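Protein chains in written order, with the numbering used here: chain L, 13 to 210; chain D, 896 to 1524; chain R, 10 to 179. Cβ coordinates follow ideal geometry from the N, Cα and C atoms, glycine included. All values reported here derive from a predicted model rather than from experimental measurement.
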Amino acid sequence: MRRTATRHILTLILAMPLAWPLVVYGGAPEGAGTASGGAAPAPEAEEAAAPVALDSDLERIKKDLLKLKRDLVILEEDLLFPASSQVAVFLSMDLGELFQLDAVSVKLNGKEVVHHLYTDRQVDALYRGGVQKLFIGNVKQGQNRLTAFFTGRGPSGRDYRRATTVEFEKSFEPAFVELAISDSGAKYQPEFSAAVSN
Amino acid sequence: MKNFICELILSCVVAAPVGKPVDELTYGSMLYSYYQQEYQQALLETMVAEAQDRRGEDTVRFDLAKGSFAFSDRMYETARTTFESVDQTELTELDQMRLAFHLAREYHRRGEYAGMEVQLDRISLKSNWLGRSRVHPEVEFMRSEAAVAAGNYAEAESYLAALDDDDPLLAYGLYNLGVAYREAEDLEGSRRAFERLANLKIRTKGKKAASAETLDLVQRAKLALSFVAREQQDTTDATKVLGGLPGEGRYRDVALASYGGLAMEQGDYELAARIWLTLQNQDYWTSSTAQARLAFPMSLEQLASREMALAQYRKAEQSFEARLALLTDLRTQAEDPNWVKNLLLVFSAPERDDERMADLVARWREQLGHTDWLEWLATEDTHQVLMEWRELLAVRDWLTALPQKLGAFEQVAGERRRRSAEARALLEDEALLANREVLEQEITKRKLALDALSKSGAVRSMDWMGKLATPEERALLDELEGMRALVSAHMDGSDRKKWLGRIDRLEGTIFWQIADDRADRTRKLEKTHMENLALLADVDARITRVANAESEFAAGVETDFLIFADRADMLTADVANALDARQVALAGELRRGMAREMKEVQQYLLVTRIGIARATDELAMGSETVEGE
Amino acid sequence: MKKTKWLSTAGALIALGASLALPLGAHAVDLKEDAPDFTLKSLEGSNLRLEEYRGQVVLINFWASWCGPCRQEMPLLDRLHHRYEDTGFAVLGVNVEGEVEPAQEIVDKTNVTFPILIDDGQKVSDMYNLQAMPTTVVVDRDGVVRYIHPGYKPGDEAKYVEVVKKLIRE
Chain L
13 MRRTATRHIL TLILAMPLAW PLVVYGGAPE GAGTASGGAA PAPEAEEAAA PVALDSDLER
73 IKKDLLKLKR DLVILEEDLL FPASSQVAVF LSMDLGELFQ LDAVSVKLNG KEVVHHLYTD
133 RQVDALYRGG VQKLFIGNVK QGQNRLTAFF TGRGPSGRDY RRATTVEFEK SFEPAFVELA
193 ISDSGAKYQP EFSAAVSN
Chain D
896 MKNFICELIL SCVVAAPVGK PVDELTYGSM LYSYYQQEYQ QALLETMVAE AQDRRGEDTV
956 RFDLAKGSFA FSDRMYETAR TTFESVDQTE LTELDQMRLA FHLAREYHRR GEYAGMEVQL
1016 DRISLKSNWL GRSRVHPEVE FMRSEAAVAA GNYAEAESYL AALDDDDPLL AYGLYNLGVA
1076 YREAEDLEGS RRAFERLANL KIRTKGKKAA SAETLDLVQR AKLALSFVAR EQQDTTDATK
1136 VLGGLPGEGR YRDVALASYG GLAMEQGDYE LAARIWLTLQ NQDYWTSSTA QARLAFPMSL
1196 EQLASREMAL AQYRKAEQSF EARLALLTDL RTQAEDPNWV KNLLLVFSAP ERDDERMADL
1256 VARWREQLGH TDWLEWLATE DTHQVLMEWR ELLAVRDWLT ALPQKLGAFE QVAGERRRRS
1316 AEARALLEDE ALLANREVLE QEITKRKLAL DALSKSGAVR SMDWMGKLAT PEERALLDEL
1376 EGMRALVSAH MDGSDRKKWL GRIDRLEGTI FWQIADDRAD RTRKLEKTHM ENLALLADVD
1436 ARITRVANAE SEFAAGVETD FLIFADRADM LTADVANALD ARQVALAGEL RRGMAREMKE
1496 VQQYLLVTRI GIARATDELA MGSETVEGE
Chain R
10 MKKTKWLSTA GALIALGASL ALPLGAHAVD LKEDAPDFTL KSLEGSNLRL EEYRGQVVLI
70 NFWASWCGPC RQEMPLLDRL HHRYEDTGFA VLGVNVEGEV EPAQEIVDKT NVTFPILIDD
130 GQKVSDMYNL QAMPTTVVVD RDGVVRYIHP GYKPGDEAKY VEVVKKLIRE
């Protein structure tokens, strides 16, 4: 798609200035154009312009690289965030109208662990159904408390601040907390809620 | 209602409602990366999800996403095999359309429009596609491309009408349409398409900022417009259009050269001369700056300063000759693969403040001018190779940094190993487990005693009292007991009776004290018992945890580092080979580019010489006439 | 071709690992490395992230309100911004003091139009290991640092122009 078109236009662009002095200016040049082929020391015949079919080796490399990265990610998670202490926090949006989320901060057992500023592109990704993996960390087993705050601007230009808190019991399995921003039916105001799955 | 209250009281603790299962969260995370065009990241996340068994129930959805990510990251083989693995028999209508969409993209990429149309026909978005809009921009784009390929330009335009101004696909679509029109020699149509593209309402910042690609295509469109306008002999419009081109960037020189040509056509030789002079004075050599060297004296000729023109022609001749000599020399050097490799490295390396690099860069600059040789690599195929080359360099850099990362992991792993070994030592150390046993026995014994105590009534016996007495009371009781023994042994008669009576009475006081307080003290004992039980439970929990952690850790983590290093080494070798192959290809391109330029310069040289001859002639004729009079 | 965020993610995770007392060296920004990513709030209120500027050449100018040469430099950068905007070039000003009022004051006085980001907490200044004020960092279309210029004297902007022109031609 892009290839065909731009090759054409480039040839067009590159050809025109070259052609101009030879074509527009004086009669002699046209004769010169043909004569130059013989008169000038001919450069070696152009090597066959064959772009090597290199796609396949690059893809193979990328695939191996991804496998390596995958294994590294898993290893890293096991090492730094073993299941028995792992807690992962996700953020999702389920809204009818776009809500301009500005920032989210999360406190885990009283300590701030995340403060994220959202760019337009990120908000758009959330609005379209993407879920952000906001935080991954370690907590002790037993009771833990997570508090999250968000600020943002609604479609009417009004600013919103919301908070939500959830207490959860950390077991041996990884804990997943989902922070959800949704509209509460008739009110059309963004709501913040937290849910935990173990 | 509860939520409402909690809004007001920010520290409200809400009972955790049921959330999305992990698989949904995982799928959503992949989408989050994808929507931000981080395709490799998205693909990586799908692979991690597969390894962690979090694909979810809807595997079709998962596979379609995975294939889509691979495709966007130009891993076409992976995409193809993923889509082929989707079981077509069980697909919902929506999934069928999704699959058709992906297949259409693949056909489009290969330029197989017939196959693409077949797939596109399967897509009819009566219902929402992504839940937000009824028209999928990329589908409409592909339909327009099919129409263009079939020569139905008006139809193509109608498809493109569905796209937003800030969609890069619209820019590509219009561009291709413009080119197609021109090839079909419909200059009006070509002009319309390019004009629409050049006039797109694009913003350079903010949420709906146009992508770099769109901006680039808009510039190209403006340039193309000027050419089309010239072809249509509409020179005034071409001037206006060229005036709209930014004075900087990739197309600046070509634009200027075109402008100069226009000025010459319109007879505005002064303007032309100024433009050629500007171009000529650039410190790098491109087609346009070369052309300017020749065109400048040409414009001077028209301004009637023949001597100046001649002088400039001679100057041009010299520069062309020098350039040709340089190119011939470079051509020979370019046979050496190392020369090319170094050149590419200079390209990838930035300006540094260190001397060695500065020297190297200066040397290259001298020989080649600014980024001249980028012109030689300006074809689309080479651009692809160059992009891949840079991507491979990034991979190589990542691999180089990997051992350090692995080292850090090994340290963490080592630390954990040490701690769990310590814990295990603790565990296996007889004392801990034995102590636990002892503790348990103690607890059981006391519990039994406590039970017995609770059941029986108050009994005035040392046994009973002993259980409930405080230390002071016990001390007293012991003393009394001691005294009783003494009295019994050493006194008799009425003294004995008297003393025993006193001892009895004192003991009785203590007894009644205890009896009164009994409930309380029993409760206290029970409480202590509970605490001991909790303590025991805690110890048990710790033992279990340690046992678990140790076993968890032992799950094969230890050996993986060497394997990682091996895999990385293999990849490094592959990457080196791939880089070499591309360097060879780029070297070939460079040589071809050099050959092209040599040919061009030779032509210019010829025309220059003709110009010199002519100017010399005319000067001579002019002076003859003067002499003759 | 979008580079993965692997490097920055891994970097963050490794930093966490550092809390387990691992010796990891200080990371100064060097040429030819990926420019460290950051997201900061602009004076206008929107959040801007460096990585979202991939595909464009970016000139990052670190400045403070108390620094004279910074104030001199800013209008020149604004000119640069306007001139090359359409060719895929962006200027980002980062105020290292981290407060809105002094920054807004300077912006009002100099009338610059490129985005001014507030480095609340000086995290970004740390990441970029600034040695002088102002400092200009130029990042190419692939997100690689290509030029670092500490300080400013009149005439330095010519060098910026040269570097930017070279990079936008890539």
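For residue i, three-class secondary structure by DSSP
i         : result
L:Gln98   : strand
D:Lys1096 : coil
D:Trp1359 : helix
D:Trp1394 : helix
L:Pro186  : coil
L:Val151  : coil
D:Ile1018 : coil
L:Ala115  : strand
D:Thr987  : coil
R:Asn56   : strand
L:Lys145  : strand
D:His1385 : helix
D:Glu1080 : coil
R:Pro163  : coil
L:Phe246  : Beyond the ends of chain L as shown, which are 13 and 210, falls residue 246 of chain L; an answer cannot be given.
D:Ser924  : helix
D:Gln1196 : Note that residue 1196 of chain D is Glu in the sequence shown here, rather than Gln. D:Glu1196 falls in the helix class under three-state DSSP.
D:Lys915  : coil
R:Asp43   : strand
L:His128  : strand
Residue i to residue j span [Cα, whole Å]
i         : j         : result
D:Thr973  : D:Arg1169 : 55 Å
R:Asn70   : R:Leu86   : 9 Å
R:His158  : R:Gly102  : 14 Å
R:Gly97   : R:Pro84   : 20 Å
D:Glu1202 : D:Leu1514 : 8 Å
D:Ala1463 : D:Leu1297 : 8 Å
D:Gln1197 : D:Leu1166 : 12 Å
D:Leu1140 : L:Asp171  : 41 Å
L:Leu110  : L:Asp136  : 8 Å
L:Asp114  : R:Glu110  : 20 Å
D:Ala1009 : D:Asn1047 : 14 Å
R:Gly164  : D:Arg1147 : 24 Å
L:Gly166  : L:Ala192  : 16 Å
D:Asp958  : L:Leu87   : 24 Å
L:Thr177  : L:Leu158  : 6 Å
D:Asn1472 : L:Lys74   : 14 Å
D:Gln1408 : D:Ser1356 : 14 Å
D:Arg1218 : D:Val1496 : 8 Å
D:Arg1291 : D:Trp1284 : 10 Å
According to DSSP, residues forming a beta bridge with residue i
i         : result
L:Phe204  : L:Ile193
D:Leu1439 : The sequence given here has Thr at residue 1439 of chain D, not Leu. DSSP output for D:Thr1439 lists no bridge partner at all.
L:Met105  : L:Ile193
R:Ile127  : R:Lys50, R:Asn104
R:Thr144  : R:Phe71, R:Pro159
L:Asn156  : L:Phe180
Expected contact under 8 Å - CB spacing of residue i and residue j to nearest Å
i         : j         : result
R:Tyr169  : R:Thr145  : 7 Å
R:Tyr93   : R:Val173  : 6 Å
D:Glu1212 : D:Thr1467 : Between D:Thr1467 and D:Glu1212 the Cβ distance is about 51 Å, and since that is not below 8 Å, they are no contact.
D:Leu1281 : D:Leu1481 : 7 Å
Neighbour flag for residue i against chain B, beta carbons, 9 Å
i       : result
R:Gly54 : Protein chains L, D and R are contained in the structure displayed, whereas chain B is not.
Just by C-beta distance, which residues in the region 118 to 133 of chain L are closer than 7 Å to chain R? Leu129, Tyr130, Thr131, Asp132, Arg133
Output, in sequence order along the chain, the residues in the region 918 to 943 of chain D whose CB is closer than 7 Å to any CB in chain L. Leu920, Gly923, Ser924, Leu926, Tyr927, Tyr930, Gln931, Leu938, Leu939, Met942, Val943
Residues from the region 78 to 89 of chain L in contact with chain D, defined by Cβ distance under 9 Å: Leu78, Lys79, Leu80, Lys81, Arg82, Asp83, Leu84, Val85, Ile86, Leu87, Glu88, Glu89
Could you run through the region 135 to 155 of chain L and flag, in chain order, every residue whose CB is less than 9 Å away from some CB of chain D? Val135, Asp136, Ala137, Leu138, Tyr139, Arg140, Gly141, Gly142, Val143, Gln144, Lys145, Gln153
In the region 968 to 988 of chain D, which residues sit with their C-beta less than 9 Å from some C-beta in chain L, listed in chain order? Asp968, Arg969, Met970, Tyr971, Glu972, Thr973
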